[in-house]
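Protein chains in written order, with numbering that gives the first Met the number 0: chain F, 0 to 316; chain B, 0 to 519. All residues carry an ideal CB built from backbone N, CA and C; glycine is no exception. Quick notes on the structure that follows.
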Amino acid sequence: MSLAQRSYRSMLVGQAPALTLLVLCVATALLTDRFLSPLNLTNILVQSSIMAVIAMGMTFVIVGGGFDLSVGSTAALAGCVGAMAMVKAGLVAGVLVGIAAGALVGLANGLVIAWLGVNPFITTLGTMVLVRGLVFLITGGAPVGDEGLPAAFVAFGSGRLLGIHYLVWVPAVLLVVLSWILHMTPFGRRVFATGGGREAAYLSGIAVNRVIAATYVWCGALAGVAGVMLAARLQSGQPTAGEFYELTAIAAVVLGGAALQGGEGTLYKSVIGVFIMVVLGNSLNLLDVDSYWQRVAVGAVIIAAAAADRLRSRAKN
Amino acid sequence: MGSVDGLMTRGSTPSPQPFPPEEGGEGARARCSNPAVSATSVTKHFGATLALDDVTFDVVPGEIHALVGENGAGKSTLVRILGGVHRPDRGTIAVDGRPIRLASPHDAIMAGIVTIPQELRLVPTLSIAENMALGDLPVRRLLGVLPVVDRRRMRAAARAQLARLDFAPDPDLRLDRLGFAERQLVAIAKALHRCRLLILDEPTAALEHREIERLFAALARMKQDGTAIIYVSHRLDEVVALADRCTVLRDGRIAAASRRGAFNVADLVHAMTGRDEDRDEIAPARPGDVLLADADDRPDAIRLRGGEVVGLAGLLGAGAERTLRRFFGLAGRAGTVTVRGAARRIGRPAAAIAAGIGMVPGERRLGLVMGRSVRDNILLPSLGRLARYGAIDRAAGDRIVARLMDLLDIRPRRPDLPAAALSGGNQQKVILAKWLAREVAVLLLDEPTQGVDVAAKAQIHRLVRDFAARGGGVLVNASDLSELVRLCDTVLALRQGRITARMDRAEGLDEKRLYAAIGG
Numbered sequence: 000m001s002l003a004q005r006s007y008r009s010m011l012v013g014q015a016p017a018l019t020l021l022v023l024c025v026a027t028a029l030l031t032d033r034f035l036s037p038l039n040l041t042n043i044l045v046q047s048s049i050m051a052v053i054a055m056g057m058t059f060v061i062v063g064g065g066f067d068l069s070v071g072s073t074a075a076l077a078g079c080v081g082a083m084a085m086v087k088a089g090l091v092a093g094v095l096v097g098i099a100a101g102a103l104v105g106l107a108n109g110l111v112i113a114w115l116g117v118n119p120f121i122t123t124l125g126t127m128v129l130v131r132g133l134v135f136l137i138t139g140g141a142p143v144g145d146e147g148l149p150a151a152f153v154a155f156g157s158g159r160l161l162g163i164h165y166l167v168w169v170p171a172v173l174l175v176v177l178s179w180i181l182h183m184t185p186f187g188r189r190v191f192a193t194g195g196g197r198e199a200a201y202l203s204g205i206a207v208n209r210v211i212a213a214t215y216v217w218c219g220a221l222a223g224v225a226g227v228m229l230a231a232r233l234q235s236g237q238p239t240a241g242e243f244y245e246l247t248a249i250a251a252v253v254l255g256g257a258a259l260q261g262g263e264g265t266l267y268k269s270v271i272g273v274f275i276m277v278v279l280g281n282s283l284n285l286l287d288v289d290s291y292w293q294r295v296a297v298g299a300v301i302i303a304a305a306a307a308d309r310l311r312s313r314a315k316n
Numbered sequence: 000m001g002s003v004d005g006l007m008t009r010g011s012t013p014s015p016q017p018f019p020p021e022e023g024g025e026g027a028r029a030r031c032s033n034p035a036v037s038a039t040s041v042t043k044h045f046g047a048t049l050a051l052d053d054v055t056f057d058v059v060p061g062e063i064h065a066l067v068g069e070n071g072a073g074k075s076t077l078v079r080i081l082g083g084v085h086r087p088d089r090g091t092i093a094v095d096g097r098p099i100r101l102a103s104p105h106d107a108i109m110a111g112i113v114t115i116p117q118e119l120r121l122v123p124t125l126s127i128a129e130n131m132a133l134g135d136l137p138v139r140r141l142l143g144v145l146p147v148v149d150r151r152r153m154r155a156a157a158r159a160q161l162a163r164l165d166f167a168p169d170p171d172l173r174l175d176r177l178g179f180a181e182r183q184l185v186a187i188a189k190a191l192h193r194c195r196l197l198i199l200d201e202p203t204a205a206l207e208h209r210e211i212e213r214l215f216a217a218l219a220r221m222k223q224d225g226t227a228i229i230y231v232s233h234r235l236d237e238v239v240a241l242a243d244r245c246t247v248l249r250d251g252r253i254a255a256a257s258r259r260g261a262f263n264v265a266d267l268v269h270a271m272t273g274r275d276e277d278r279d280e281i282a283p284a285r286p287g288d289v290l291l292a293d294a295d296d297r298p299d300a301i302r303l304r305g306g307e308v309v310g311l312a313g314l315l316g317a318g319a320e321r322t323l324r325r326f327f328g329l330a331g332r333a334g335t336v337t338v339r340g341a342a343r344r345i346g347r348p349a350a351a352i353a354a355g356i357g358m359v360p361g362e363r364r365l366g367l368v369m370g371r372s373v374r375d376n377i378l379l380p381s382l383g384r385l386a387r388y389g390a391i392d393r394a395a396g397d398r399i400v401a402r403l404m405d406l407l408d409i410r411p412r413r414p415d416l417p418a419a420a421l422s423g424g425n426q427q428k429v430i431l432a433k434w435l436a437r438e439v440a441v442l443l444l445d446e447p448t449q450g451v452d453v454a455a456k457a458q459i460h461r462l463v464r465d466f467a468a469r470g471g472g473v474l475v476n477a478s479d480l481s482e483l484v485r486l487c488d489t490v491l492a493l494r495q496g497r498i499t500a501r502m503d504r505a506e507g508l509d510e511k512r513l514y515a516a517i518g519g
């Protein structure tokens, strides 16, 4: 095989997420004309927007060699605490409190994982349950701020700018900023190095514990952003919100080509991974597939994505 | 071990010609028996690359046949064909004179061909006995029906096999309680019972002197029992000391083959590279200011001047490696160190690097992030310096990488390739490039040429000398004393954490004296 052929092939493999999405969209569009309706496409965008924010944070953690199961609970916490603060102290304070709450959960995860060396899976499984418990304690299990949320916030949840929902603008802007951080700054390169070889990175002078903790703070803060967005969309802080978000986000990141053992991943491809998950659910809906079967299909896709991750790394070695 | 006399450059007069390929009719002992395993006219391509070209090779019972060559010369391919990993394009393999098809590693093991790779395939959490019985666990029936592992039989079998190597550990000991050398003996013992041909791939790469002796003693025992042994190694002094026969591969062909006593290290180097061994005359160091020194009074206190290459010699655990780690902030509690006149506490690598110290660790996976590109690896310690307005200055980074890849002759010149794709020698150069990019003043080198071929080794030595000639200071730990003698201005001998002797190039560096000084 010539070099040109090989690089052509590796380029195809590199764009596998985009190609998968394309095939999925074309297939669905051929099977049902409802898929391409403006209403449906808008729906997909809005549904993807919140998950995209979470998946971007998850990409930081996974590239850094970690894992975060607590993002769904964190989003619920941020939504509820943010809504409470908003009712009392206004829009800006509410948003900031929500995001800060997320960052705080991330910091706790990061400290335990980086400095105590506890396995990320167990740590974040713990925080996932713990934070969900906190949310119920704080809210008493009832939605927060049904009445009394600032009108601007409610408008943000359903309004549009240039014909596109505000909720969609958020991940669009974040994608640009976060791509810069992960792919162009020294910090970003350190995340890749730490995930790809923690000891080698440490021996190159990188403060690996700080880098790892930082990825969890980013992930938590972004889960916080997602939680606030979700509250805006639901026009209240819902204590039960965000369940299974962690699974969808992890599946999306892996579908986007990030390596679960760390050191590899691309932010925009993780967003494509989110679209794959959302479009899949959407198309199964449009095709009237039984909702129980939908779960089976989504589970199978997650396993397939993880298997593809293994096959890729095996092909490399 | 009698290898000291045969070490690298001293003692023997190099013959001017490469020794001629072996011809039939010599009346050596080995001739009496038929080959245990033979490969006849074996050719193997990988894509367009010709890895082996019409190679004929055999090994007879009770013989140690060394296989040497530079990286890429075809040693691994030949060994893998014999081990059933690859199938030859042309040519035949015969065991006890009968042609055989080795379609898988399993076939090879069934034919009595056992390979002991560099990475041992043992389970650290199981006992020695379990490891040895794995795959063939002895079973007895509890109450005549329920199958259970027959631990007594397993233990007895393990003990008997280990005894053949004069090794008598408690077979119930967990494997992870053993050092690497002992694990290697376990791996060999495990293979013994149906082994006709034992293939050892770089068995001494991770061993120190005393352990090497033990391994050699075990191999001698196996020889007596009639096992045929193929010994692949970069350490030519060992080959001279150990091998009954030696075959040199170069570019997939047999470049030379000869019997014990008919070759020395210089012959081997010549046959491997097609030229004589590089023996650069080292200009005497013109030491500059003190770059690195212990501020505390301690038995292993070091003073390193600019322009100087100082070697640390010692058996495993004598403190040579620990001294390097200490200056790189890896030794737990930080002592006070003077770097270029300024007192500093070095508690972690980042502090050492900030003070202008770089380290090449003993294991390459610690020096490189294997999955990342050569470019990323070279720039890793310099990321902070390359930032402009928060982002990395790509162009400046690319310039540095291109310059260093040229300077160090890192091949292939592909900065985008993952570090894992490079050969050992080139990986080692990338690690050096990391520190040159960062412009450190002091280099700490731990086994800088381990598992590196002769040509790359000479290049690395030259780079280290150049670094010193430009005013840098270098501290080297190497278990191969001939390397220290070749490379260093001064060698310090360590014993149990103390410096017990100091030898300078001016007074003459001598392996034998050094060997005595470290207590080997």
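Residue i - containing beta strand (DSSP E), residue span
i	result
S37(B)	36 to 45
L385(B)	No beta strand (DSSP E) holds L385(B); the alpha helix (DSSP H) holding it covers 382 to 385.
T203(B)	Looking at the DSSP string, T203(B) is not in any beta strand (DSSP E), and its letter there is neither H nor E.
Cβ-based burial, residue i [other Cβ within 10 Å; buried from 16]
i	result
T114(B)	buried
Q183(B)	buried
Q449(B)	buried
D405(B)	exposed
Y388(B)	exposed
M326(B)	The residue asked about is misnamed: residue 326(B) is Phe in this sequence, not Met. Buried: at least 16 other Cβ atoms inside 10 Å.
E118(B)	exposed
S47(F)	buried
F262(B)	buried
D175(B)	exposed
L486(B)	buried
H105(B)	exposed
W292(F)	exposed
Start-to-end residues for the alpha helix (DSSP H) that takes in residue i
i	result
F262(B)	Where F262(B) is concerned, there is no enclosing alpha helix (DSSP H), given that its DSSP letter is neither H nor E.
N208(F)	207 to 233
H192(B)	Counting along the chain, H192(B) falls outside any alpha helix (DSSP H), and DSSP gives it neither H nor E.
H105(B)	104 to 109
D465(B)	453 to 468
T76(B)	74 to 81
T73(F)	70 to 88
F59(F)	37 to 62
Per DSSP, cross-strand counterpart(s) of residue i
i	result
A312(B)	A492(B)
R228(B)	In the sequence on display, residue 228(B) carries Ile and not Arg. The partner list for I228(B) (beta bridge, DSSP) reads I63(B), L197(B).
C245(B)	A65(B), S257(B)
M502(B)	V490(B)
V359(B)	L444(B)
L141(B)	L145(B)
CB contact below 7 Å: residue i versus chain B
i	result
P185(F)	yes
G255(F)	no
L2(F)	Confidence in L2(F) is poor, its pLDDT being 48 and thus under 50, which makes the residue's placement unreliable; the coordinate value appears in the next sentence. No, its Cβ sits nowhere closer than 7 Å to a Cβ of chain B.
G196(F)	yes
Neighbour flag for residue i against chain F, beta carbons, 7 Å
i	result
L508(B)	no
V368(B)	yes
P414(B)	no
I430(B)	no
Would you call the segment 94 to 106 of chain F and the segment 22 to 36 of chain F touching, i.e. three or more CB-CB distances under 8 Å? no
Evaluate the contact criterion for the segment 207 to 223 of chain F versus the segment 135 to 142 of chain F: three or more CB pairs, one atom per stretch, below 8 Å. no
Take every Cβ of the segment 56 to 73 of chain B, pair it with every Cβ of the segment 217 to 228 of chain B, and state whether three or more of those distances are shorter than 8 Å. yes
Between the segment 269 to 277 of chain F and the segment 67 to 76 of chain F, can you find at least three pairs of beta-carbon atoms closer than 8 Å? no
For the pair the segment 485 to 496 of chain B and the segment 310 to 329 of chain B, tell me if three or more CB-CB distances fall below 8 Å. yes
Can you confirm whether the segment 72 to 85 of chain B touches the segment 195 to 203 of chain B when touching is taken to mean that 3 or more C-beta pairs between the two stretches lie within less than 8 Å? yes
When you compare the segment 163 to 173 of chain F with the segment 111 to 119 of chain F, are there three or more beta-carbon pairs, one atom per stretch, that lie closer than 8 Å? no
Anything in the segment 225 to 245 of chain F with a Cβ closer than 9 Å to a Cβ of chain A? List those residues in chain order, please. The structure shown has no chain A; the protein chains it does contain are F and B.
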